[in-house]
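Every letter in the sequence shown is one number past the one before it in the working numbering, and letter 113, counting from 1, is 243.
Yeah, the Cβ is synthetic: ideal placement off N, Cα and C, and Gly gets one too.
Since the model is a prediction, treat every value here as computed from it, not as a measurement.
Scroll down for the structure; my scribbles are underneath it.
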Amino acid sequence: MPHLTQLSLESWRKPDSIQSKWLTHKISAVFPRRRPQVAYKDSELTARLEYLGLDTGRISRPQLLFFAGSPSLPSSLQAVAFRRLQGLTNADVLAFLAHISPTIEHLSIRNCEFSRSEDEEHAIDAIMPRMTVLRVLDVSGDLISDLAVSRKTFPNSTSAPSGLKFGNNQPRACFDDPDISRFTKLSEALAVTGWVSVTLRFKPRAVLDPKLIDAATRTAIARGIKFDAKPDDVPYGCYMV
């Protein structure tokens, strides 16, 4: 019997429809001839998902954690892509990322807004040190700060190497239309980051501090980091997951 490893859901209508019988139907549609082995049991996903894509819909914290897999088992998710999700808080996303942090390699979150208190760090910022195998990060909107840069660790290393080269799997990050006010320490972040490529795209209306960008550029050049920051409309993001 086949095992479900990839699941993409798009444009669901009812908040309670992404579990139970509806999910059974969607999973069966992935394997029209043969149903996968047990995909869920007692509201717990037992399929070992490696890819999860959720696009355009409202989702609750329990439903999101449902897709993270059994809390009693290590995560199997390697790639996650979220688009236009509603109903989640920053704390909800943090709980989800905390569970998948040891295995996630590709993370893309675009056109989503997560409610957050003023004293909360962004979920991605907070969990970044634990996402040790993350090599592609693609985020749009006000979901990150320069902490997502400075807290990126080096693969199998605790200190910054003099030359950042990791072959074809170079860790790269793209931040599309972030809040520039959250990147006041960008140069300092680039001085210690494990990202080999950092791209910041801003809407044409954005007012960038030339001194901040210049300092960041010099730091990036000195460390061999590919760095780009400029106003530019990028409708589809920088990296596909």
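Which of helix, strand or coil does DSSP assign to residue i?
i: residue 180; result: coil
i: residue 320; result: helix
i: residue 138; result: strand
i: residue 335; result: coil
i: residue 360; result: strand
i: residue 312; result: helix
i: residue 222; result: helix
Between residue i and residue j, what straight-line distance do the alpha-carbon atoms span, to the nearest angstrom?
i: residue 351; j: residue 277; result: 20 angstroms
i: residue 216; j: residue 189; result: 6 angstroms
i: residue 206; j: residue 233; result: 6 angstroms
i: residue 356; j: residue 329; result: 8 angstroms
i: residue 200; j: residue 320; result: 36 angstroms
i: residue 337; j: residue 258; result: 27 angstroms
i: residue 280; j: residue 141; result: 35 angstroms
i: residue 316; j: residue 255; result: 14 angstroms
i: residue 264; j: residue 229; result: 14 angstroms
i: residue 185; j: residue 193; result: 14 angstroms
i: residue 204; j: residue 178; result: 10 angstroms
i: residue 235; j: residue 303; result: 12 angstroms
i: residue 180; j: residue 135; result: 5 angstroms
With C-beta atoms as the reference, is residue i less than 7 angstroms away from residue j?
i: residue 242; j: residue 212; result: yes
i: residue 267; j: residue 237; result: yes
i: residue 274; j: residue 305; result: yes
i: residue 222; j: residue 191; result: yes
i: residue 323; j: residue 282; result: yes
i: residue 361; j: residue 340; result: no
i: residue 183; j: residue 138; result: yes
Please confirm whether any heavy atom of the ligand NAD lies closer than 6 angstroms to the CB of residue i.
i: residue 355; result: As presented, the structure is devoid of all ligands, the ligand NAD included, so that no description of it is given.
Chain C beta carbons: is any one of them nearer than 7 angstroms to that of residue i?
i: residue 321; result: The displayed structure is made up of one protein chain only, and chain C is not part of it.
What residues match up with residue i in a beta bridge as DSSP calls it?
i: residue 349; result: Answer is none; residue 349 lacks a bridge partner.
i: residue 188; result: 216
i: residue 244; result: Its beta-bridge partners do not exist; DSSP assigns none.
Starting from residue i and walking both ways along the beta strand (DSSP E), at which residues does that stretch end?
i: residue 332; result: 327-332
i: residue 239; result: 236-240
i: residue 216; result: 209-216
i: residue 270; result: 266-270
i: residue 305; result: 302-306
Check for me: the alpha helix (DSSP H) holding residue i runs from which residue to which?
i: residue 191; result: 191-198
i: residue 255; result: 253-257
i: residue 263; result: Element bounds for residue 263: n/a, residue is neither H nor E.
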